[in-house]
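Worksheet: one structure, shown below.
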């Protein structure tokens, strides 16, 4: 790493480049801001100038457009067929006279509008010097005004008027710009076109009078990018061919909007172009000037800012030089005073006549020198006292050494007694620990038995609940069996009644059979008249036989049902007896379970009392064990502290010896300190 031999050189090496870089950055940033500001100002100024000139052109052109428009509206309100050519010539002449800036006015009708079979009907009034003349040179098939651009534009527009591009009229040998207005009837049908021609001298005069910076100028472009009028002349002949070609090709790229700006390259350098489309036309007004002229003011300001930056850096360097000289002079004074102090000379003072940090530094430096001088004087005065004190300390250390030897011997005797006491307490603690373990095992066993009896009590309670539930179920079964027995008895009674009814039916069947037999006999007696009744009697006899057979079958079935019912009644009686016997047995089991539960509960209460007593005994044994452990710990602690006292006494003895040796060293150091203090000048 490079090392500087002085602060001033280091400051020059570090600060001057930083100042240069900083000022350079400030100047660069200022130039960027200035450049952006100037660009915005130039664009704003040129846009406003372009807008102002184009507005003047627009106002002048609108006057001519209003002439053509008013002429068309006038013709729409009259009977065109009722007037001859002289009438239209007179009207055209009057309109030209009314506006001195209008070059010519014409009326041009559609075929068959003025007269049937008349294709061309046109008249044109224009200025010829101081006179206004009319002509029908345009009213010929050779010219065919119906196919001229100015007529087609006016006929096809949906607006009240339209401007044509500037064109060269061969009949007049003059460049003109025309405003065409359509003539329509009440239904909107086209009847013709009126025109108002504008002499370009007015436009050229306004364009020529427009100046841009020092050498800039204005010019007009058509929609194809061709220059149609320029402040340098009426045609492009006065411009260089390269500039004209550049204007046409490059401007077509720029004319993408109604207004804007751009930069064109030419032989003479870059040209700044500001353009704006003239409303209602295909023409563009352009203002152009060399970019160097636009940037001239910017360059002057940039050079001025650079010069200011250079002067500022030079002034800062001069101020920095003076400041560094001041600092170097004061630092040298501090360095010389510090050097004298390093050599042991505290008699001088640091002189600085200033109220800044260096002045305060000199005051603090002198105060430090004065305090060090007083400190050295005090050290010199106290060194003799320290020497006498060290001698006294050495004598006291010898006395303390003798006392420490006596203490060490007494502590050794105490250590042996404490060791014997520690052995006895250790044996007692061991016995108490074994007793505690035994009592704890008894308590644990009692607790286990108590838990078992508790579980037995719970299970006995559960068994008693099951028995009670079984008794309830047997009671329900007993009631159900009784109900079934009663139902079977009722069914037996119903069977008896059904048997009686069947007996009645059998009697009726026998009587019916007898009646059928008697009817058959009577029918046979009747002969032919009784055949039908005989057939009925025969059928009744058959039905009676069938009823008798069915009654016998039902009687047999009822007999079997009665037999089965009697069997069921016997079985139900026996089951009812068995259910009552089972119910009594389960009740006896329930009583036995309740007795067992009562006994288990008594055993459980006694086991809980035993467990509680065992736990109390275990707690007492643990307290005895803890007391024994505490006695053992205290004995060990006493023995340990005795050992510590022994070691401390030994250490004290060593310290006493060290103090004796240090006292001797301190005496020697005091002599050396007196020799060192004698070297300072105070």
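In full-length UniProt numbering, the protein residues as written are 1 to 682.
Note that CB positions come from ideal geometry on N, CA and C, so glycine has one too.
In this text the structure is predicted, and so the values were computed from the model without any measurement.
- With respect to the 7 Å criterion, residue 179 and residue 163 are classified as neighbours on the basis of their beta carbons.
- Annotation for residue 218: 207, 210, 231, 287 place their beta carbon closer than 6 Å to its own, counting only its chain and skipping 5 residues before and after.
- As the crow flies, the alpha-carbon of residue 45 is around 51 Å from that of residue 120.
- Assigned with DSSP and collapsed to three states, residue 198 falls in strand.
- When C-alpha distances from residue 148 are compared across 169, 129, 134, the shortest belongs to 169.
- For residue 263, the secondary structure class from DSSP, reduced to helix, strand or coil, is strand.
- For residue 140, the secondary structure class from DSSP, reduced to helix, strand or coil, is coil.
- Between residue 497 and residue 504, the alpha-carbon positions lie close to 11 Å from each other.
- If you check the CB distance, residue 104 and residue 138 do not come in under 7 Å.
- The stretch 91-172 is shown to contain whole beta strand (DSSP E) runs of 3 or more residues at 102-109, 121-128, 131-135, 167-169, in chain order.
- Residue 214 carries a coil assignment under DSSP once its states are collapsed to helix, strand and coil.
- The stretch 320-335 and the stretch 86-100 do not touch, with fewer than 3 CB-CB distances between them shorter than 8 Å.
- In the DSSP assignment, residue 355 falls outside any beta strand (DSSP E), carrying neither H nor E.
- Ranking 212, 263, 95, 257 by CA distance to the CA of residue 196 puts 95 first.
- By the 16-neighbour rule on beta-carbons within 10 angstroms, residue 53 is buried.
- Taking a contact as a CB-CB distance under 8 Å, the pair residue 108 and residue 151 counts as one, their CB atoms being some 6 Å apart.
- With a cutoff of 7 Å on beta-carbon distance, residue 352 and residue 337 are scored as not near each other.
- In this chain, the beta strand (DSSP E) harbouring residue 230 covers 227-230.
- Residue environment analysis places residue 303 among the exposed positions, since fewer than 16 neighbouring C-beta atoms fall within 10 angstroms of its C-beta.
- Residue 86 and residue 123 have their alpha carbons spaced roughly 9 Å apart.
- Taking the Cα of residue 333 as reference, the smallest distance to any Cα among 349, 269, 343 is reached at 349.
- The Cβ-Cβ distance between residue 198 and residue 64 falls below 7 Å.
- Nearest to residue 57 by alpha-carbon distance, out of 229, 146, 451, is 229.
- Within 10 angstroms of the beta-carbon of residue 354 lie fewer than 16 other beta-carbons, which makes it exposed.
- Following the DSSP letters along the chain, one finds residue 288 inside the beta strand (DSSP E) bounded by residues 284-290.
- Nearest Cα to residue 115 within the set 359, 521, 84: 84.
- Under the three-state reduction of DSSP output, residue 183 falls in the strand class.
- Assignment of residue 89 by DSSP, reduced to helix, strand and coil, places it in the helix class.
- Under the DSSP assignment, residue 270 falls in the beta strand (DSSP E) whose first and last residues are 269-277.
- Close CB contacts of residue 292 within its chain, under the 7 Å cut and outside five residues either way in sequence, are with 269 (chain order).
- Residue pairing by DSSP puts residue 174 in a beta bridge opposite 169.
- In this structure, residue 306 keeps its C-beta atom at 7 Å or more from the C-beta atom of residue 19.
- For residue 221, the pairing in a beta bridge is given by DSSP as 227, 284.
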